[in-house]
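I have placed the structure first, in the form of structure tokens, so that the comments after it can refer back to it.
Protein chains in written order, with this note's numbering: chain A, 12 to 132; chain B, 12 to 132.
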């Protein structure tokens, strides 16, 4: 059989919109998504799940109501379920998100930044 | 509050044994583990779960009974549940594994390569 690696750099080249996660892999019911982010996202939370951010390239900040964490390449952070957060990137940042299938990027907050769910690249 | 990034390079510096995954993060019941691998592992399968390999540095091959996949930095692969596989790295390779809490590195195969489970770094 012909097994193929999932190459993240190649996947990132296939889209350019910001704040619109694309699924690249699934493990059981967990999805691995990549996204290009730039600017300030909205405050939101995911009531039913933790959410993992892994920075592939660039830098980002995740703001919380009581602090923040800055992430660079090769750094990750787990936002606990139910915790309000707001991702920010001064310039283009490439990230991988890991979370269960079905998680919407804006949580229950909705609004213009809400991206279509379960879009593969 | 003081939020800290999980820095993979720093975590990798804290151990040097091969084939002995260390947990760096948890999302719900899913663990993110890092490992240094070198040489040939044993054939094994995980009957109850898919298993994700992400290469951070170096190169590795995952052999299957009917083929293989070679992975370099920034590449990943999902080994489906129940599928026999054997990881190989000619020289030191640094990987991240993503799988549910409780998965043993040798599956049901056992043997000398079986590492302690749920060891954090």
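Glycine is no exception: its CB is placed at the ideal position from the N, C-alpha and C atoms.
Item to check | Chain-ordered chain A contacts of residue 17 of chain B [CB-CB under 7 Å] | outcome: Proximity of chain A to residue 17 of chain B at the Cβ level (cut-off 7 Å) is accounted for by 86, 87 and 88, in chain order.
Next on the checklist: Considering only their Cβ atoms, is the gap separating residue 131 of chain B from residue 70 of chain B smaller than 8 Å?
Outcome noted: At the C-beta level, residue 70 of chain B and residue 131 of chain B stay beyond 8 Å of one another.
Checklist entry - Touching or not, the stretch 70 to 83 of chain A and the stretch 13 to 21 of chain A, by the rule of three or more beta carbon pairs under 8 Å? => result no
Item to check | Residue interval of the beta strand (DSSP E) (run including residue 102 of chain B) | outcome: 96 to 111
Item to check | At least three beta-carbon pairs within less than 8 Å, the stretch 88 to 98 of chain B to the stretch 56 to 66 of chain B | outcome: yes
Item to check | Identity of the residues DSSP links to residue 44 of chain B by a beta bridge | outcome: B:34 and B:108
Checklist entry - Within this structure, are the beta carbons of residue 113 of chain A and residue 128 of chain A separated by less than 8 Å? => result yes
Next on the checklist: I'd like to confirm the pairing. Which residues does DSSP put opposite residue 18 of chain B in its beta bridges?
Outcome noted: A:86
Checklist entry - The beta strand (DSSP E) spanning residue 64 of chain A covers which residue range? => result 62 to 68
Item to check | Neighbour list for residue 14 of chain A in chain B, Cβ cutoff strictly below 8 Å | outcome: 73, 75, 78, 79, 80 and 88
Item to check | Proximal chain A residues relative to residue 41 of chain B, where beta-carbon distance stays under 7 Å | outcome: 41
Item to check | Cβ distance (whole Å) where residue 41 of chain B is taken to contact residue 115 of chain B below 8 Å | outcome: Residue 115 of chain B and residue 41 of chain B do not touch by the CB rule: their CB atoms are close to 15 Å apart, not below 8 Å.
Checklist entry - Does the beta-carbon of residue 122 of chain A have 16 or more other beta-carbons within 10 angstroms, so that it is buried, or is it exposed? => result exposed
Checklist entry - When the distance is taken between beta carbons, is residue 52 of chain A closer than 8 Å to residue 111 of chain A? => result no
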